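Heads up, the thing below is written out as structure tokens.
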Amino acid sequence: MTAPRIEIDLFKIRQNTRLLVDRLAARGIAVAGVTKAVCGDPAIARAMLGGGVSGLADARISNVKRMRDAGVTAPITMIRSAMPSETGDIVRYCSASYHTDAGVMAQISAAALRQGRVHDIILMVEMGDMRDGIMPKDVADTAALIGEMPGVALRGIGANFACFGSIAPDATTMAVFSGLADDIETACGFYPQTVSGGGSANLTWALAAGTKGRVNELRLGEAILLGLDPVSGDPITGLHNDAFTLVAEVIETISKPRPAPLHLVDPVLMALHGMSDGDVPSRSVFAIGMQDTDIGGLTFPSRLTLIGATSDHMVVEASGKAMRAGDEIRCPMNYTALMRAMNAGDVERVYVSQTAANGNSAARPDRPVLSLV
Ligand SMILES: *Cc1c(COP(=O)(O)O)cnc(C)c1O
Numbered sequence: 146m147t148a149p150r151i152e153i154d155l156f157k158i159r160q161n162t163r164l165l166v167d168r169l170a171a172r173g174i175a176v177a178g179v180t181k182a183v184c185g186d187p188a189i190a191r192a193m194l195g196g197g198v199s200g201l202a203d204a205r206i207s208n209v210k211r212m213r214d215a216g217v218t219a220p221i222t223m224i225r226s227a228m229p230s231e232t233g234d235i236v237r238y239c240s241a242s243y244h245t246d247a248g249v250m251a252q253i254s255a256a257a258l259r260q261g262r263v264h265d266i267i268l269m270v271e272m273g274d275m276r277d278g279i280m281p282k283d284v285a286d287t288a289a290l291i292g293e294m295p296g297v298a299l300r301g302i303g304a305n306f307a308c309f310g311s312i313a314p315d316a317t318t319m320a321v322f323s324g325l326a327d328d329i330e331t332a333c334g335f336y337p338q339t340v341s342g343g344g345s346a347n348l349t350w351a352l353a354a355g356t357k358g359r360v361n362e363l364r365l366g367e368a369i370l371l372g373l374d375p376v377s378g379d380p381i382t383g384l385h386n387d388a389f390t391l392v393a394e395v396i397e398t399i400s401k402p403r404p405a406p407l408h409l410v411d412p413v414l415m416a417l418h419g420m421s422d423g424d425v426p427s428r429s430v431f432a433i434g435m436q437d438t439d440i441g442g443l444t445f446p447s448r449l450t451l452i453g454a455t456s457d458h459m460v461v462e463a464s465g466k467a468m469r470a471g472d473e474i475r476c477p478m479n480y481t482a483l484m485r486a487m488n489a490g491d492v493e494r495v496y497v498s499q500t501a502a503n504g505n506s507a508a509r510p511d512r513p514v515l516s517l518v
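Numbering (my numbering), first residue to last: 146 to 518.
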């Protein structure tokens with residue numbers, strides 16, 4: 146098999162999705178599946194849809210086009226505020242989009258009129274993440290402004306947490322956010338259908354006891370894909386953390402001296418130092434590098450220690466049996482490593498569906514998994 150590659154277990158992604166969808170449904174919250182970390186991979190998008198998400202969301206129009214080209218017809222929301230230069234494509238390929246800039250929204254309105262469509266707008270509100278979002282005090286006025294734009298409909302509001310800043314939301318913040326939906330209703334007489342309360346960072350709040358107010362959607366990427374809470378980095382109970390595995394191949398194993406702690410000028414001494422005793426580690430070089438992933442975001446088997454990486458090489462020390470050229474290692478990835486690897490042209494994607502292949506009928510999905518591959 147080719148290397149480097151990412152093995153993607155669509156069945157696990159689907160199970161993660163289903164579990165989160167079911168748990169949140171009990172709180173009156175729907176899930177939008179966020180596909181940006183996997184570049185809008187259509188097979189993964191379908192696994193999310195099979196797991197019950199109400200729609201998909203991505204931050205890049207190129208990813209949205211990839212899904213549309215592959216025949217994905219589900220609603221897709223653009224969750225990064227639009228560049229004026231891409232408003233036409235956003236109206237063409239997305240059913241809704243997030244906005245903060247009145248001028249850009251006017252361009253969306255014009256594009257929608259030109260294309261003879263009605264496009265939904267979600268107003269992104271600044272709730273403390275300090276990335277994109279209009280200030281809460283401006284929400285009602287901006288909503289009224291959108292109400293006067295032809296070709297667009299204000300579908301709701303959204304907030305973002307622990308993306309740029311690392312603040313996870315608390316009940317008070319969420320109550321304030323929820324109250325903004327009421328404000329819009331009072332000020333404009335318009336009912337905000339979608340109140341989107343953030344991403345995976347907000348799961349702790351969403352699944353905890355207590356009122357969820359008007360929040361009726363979360364946009365989930367990391368929790369579905371990696372089963373991790375982005376704030377703590379901890380695994381989320383019941384979810385698979387190994388839906389993605391990066392596989393890399395050894396191209397060299399040679400015992401080399403560790404760099405001397407002292408710089409020994411005499412080359413003979415230097416050589417002796419390196420060849421001293423059993424202390425000489427077995428070093429393996431892998432054909433993978435910083436161009437392919439975030440090497441620092443990989444988790445290694447316990448007998449391997451990462452020494453370093455360059456653009457195309459990764460150096461690892463092994464205890465125990467030395468690896469040989471052609472041997473492979475399998476590493477779980479964090480979110481950044483996953484995102485980079487999914488973006489890398491030389492990293493092959495291999496779709497597996499282990500659980501289904503093992504015939505675990507208790508957890509069999511409602512549609513055959515193989516049709517997704
Ligand atoms: C990336 C992103 C998400 C998803 O975040 P996760 O932590 O992966 O769940 C949600 N909303 C917006 C606006 C995003 O940019």
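Virtual Cβ for every residue (Gly too), placed ideally from N, Cα, C. Quantities reported herein were computed from a predicted structural model and do not represent experimental measurements.
Query: Measure from the alpha carbon of Met319 to the alpha carbon of each residue in Gln338, Thr331, Ala332, Gly343, then state which is nearest.; Result: Gly343
Query: So what does Val395 bridge to, in DSSP terms?; Result: Phe431
Query: For ligand 1, is there a heavy atom less than 7 Å away from the beta-carbon of Asn305?; Result: yes
Query: At the level of alpha carbons, what is the spacing between Thr232 and Lys357?; Result: 33 Å
Query: Gly355 to Thr317, Cα distance in whole Å?; Result: 11 Å
Query: Ligand 1 and Lys181: does the residue's C-beta get closer than 7 Å to at least one heavy atom of that ligand?; Result: yes
Query: For the region 236-278, which segments carrying the alpha helix (DSSP H) assignment without a break, of at least 4 residues, lie completely within its bounds, in sequence order?; Result: 247-260
Query: Val360 by DSSP, collapsed to three states: which one?; Result: coil
Query: Contact defined as beta carbons within less than 8 Å: I believe Val395 pairs with Ala470. What is the distance between those atoms, to the nearest angstrom?; Result: 5 Å
Query: Would you mind working out which of Leu449, Leu443, Gly296, Ile158 sits nearest Val179, comparing C-alpha positions?; Result: Ile158
Query: Looking only at C-alpha atoms, which of Thr287, Pro375, Phe306 sits nearest to Met272?; Result: Phe306
Query: Give the DSSP-derived three-state secondary structure of Gly233 in the structure shown.; Result: helix
Query: Does Asp203 come out as helix, strand or coil in the three-state DSSP assignment?; Result: strand
Query: My assumption, with CB atoms under 8 Å, is that Ile224 sits in contact with Ala202. Please give the rounded CB distance.; Result: 5 Å
Query: Which ranges would you report for the beta strand (DSSP E) in the region 322-386 if only whole runs of at least 3 residues count?; Result: 339-341, 362-365
Query: Taking Ser498 as the reference, give the member of Ala215, Val460, Ala192 with the closest Cα.; Result: Ala192
Query: According to the Cβ coordinates, are Val495 and Arg150 closer than 8 Å?; Result: yes
Query: Identify whether Asp422 lies in helix, strand or coil by the three-state DSSP scheme.; Result: Unreliable placement is indicated for Asp422, whose pLDDT of 45 sits below 50; no coordinate value is reported for it.
Query: Let me check you understand the geometry: is the CB of Ala175 closer than 7 Å to at least one non-hydrogen atom of ligand 1?; Result: no
Query: Identify whether Arg213 lies in helix, strand or coil by the three-state DSSP scheme.; Result: helix
Query: Between the Cα of Asp167 and the Cα atoms of Gly197, Glu367, Ala247, which residue gives the shortest distance?; Result: Gly197
Query: To which residues does DSSP link Leu449 through a beta bridge?; Result: Ala463
Query: Under 8 Å, with one C-beta from each stretch per pair, do the region 361-378 and the region 336-350 reach the 3-pair mark?; Result: yes
Query: Measure from the alpha carbon of Cys333 to the alpha carbon of each residue in Ala289, Met294, Pro314, then state which is nearest.; Result: Ala289
Query: Ligand 1 heavy atoms versus the CB of Leu365: any closer than 7 Å?; Result: yes
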